[in-house]
């Protein structure tokens, strides 16, 4: 595994809270994991890309909202349980307040076709961010044939055969864990 990209002391809890808050209130729709990667891997260099992708995979395996799980993981990785709390609160509280205000505002303009077109544009951008993140993760799996086969099998099972997501995860997760275990040994 690569060493962390972090070259200085971990950020303060306030710095983490503010960084996650900024991402939470300026990101709309899906694609938040792409923003998190851009911010914490490329710009701030708090963690490496490999660590981020490992955290992303872990956060997707747990129940709940993936980006909140990922925020908790990054916060814990950087500053322990207090970092996990600061990151989660930063991601959730400010964006929740903005979402409430926006819901009230949207209720006022919901009859407008322009508002619906704007939301479609935001959704398209969010899908693009999610696609970029997925392609990065796919590139990461190309380093070894077994993770690639698990990824491809999962995609085919869900997208082509439209199998139940939970069932596919219950099969793919143990295979992936076993492959990682064998590779680490």
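Numbering (our numbering), first residue to last: 6 to 190.
Glycine included, each C-beta is placed from N, C-alpha and C at the ideal position.
Burial state of residue i, where buried means 16 or more other Cβ atoms lie within 10 Å
i           : result
residue 96  : buried
residue 84  : buried
residue 149 : exposed
residue 6   : Caution applies to residue 6, whose pLDDT of 43 falls short of 50 and renders its modelled position unreliable; the value that the coordinates give is listed next. The residue in question, residue 6, is exposed, as its Cβ has fewer than 16 Cβ neighbours within 10 Å.
residue 191 : The question about residue 191 has no answer, for the chain in this structure spans 6 to 190.
residue 14  : exposed
residue 75  : buried
residue 60  : buried
Beta-carbon proximity of residue i to residue j, cut-off 7 angstroms
i           : j           : result
residue 58  : residue 142 : yes
residue 26  : residue 99  : yes
residue 270 : residue 28  : Limits of the chain in this structure are 6 at one end and 190 at the other, which puts residue 270 out of reach.
residue 173 : residue 162 : yes
residue 37  : residue 72  : yes
residue 151 : residue 189 : no
residue 55  : residue 46  : no
residue 155 : residue 135 : no
residue 51  : residue 64  : no
residue 81  : residue 89  : yes
residue 153 : residue 159 : no
residue 18  : residue 87  : yes
residue 91  : residue 21  : yes
residue 108 : residue 114 : no
Which of helix, strand or coil DSSP assigns to residue i
i           : result
residue 14  : coil
residue 167 : coil
residue 32  : coil
residue 85  : helix
residue 51  : coil
residue 153 : helix
residue 179 : helix
residue 24  : helix
residue 147 : coil
residue 3   : Within the shown structure, residues of the chain are numbered from 6 to 190, placing residue 3 beyond reach of any answer.
residue 80  : helix
residue 70  : coil
residue 8   : Note that residue 8 scores 45 on pLDDT, short of 50, meaning its location in the model is unreliable; the coordinates nonetheless yield the value given after this. The answer is coil: DSSP assigns residue 8 none of H, G, I, E or B.
#### Entry: Inside the stretch 91-136 only - beta strand (DSSP E) runs reaching at least 3 residues
Listed in chain order, there is nothing to give.
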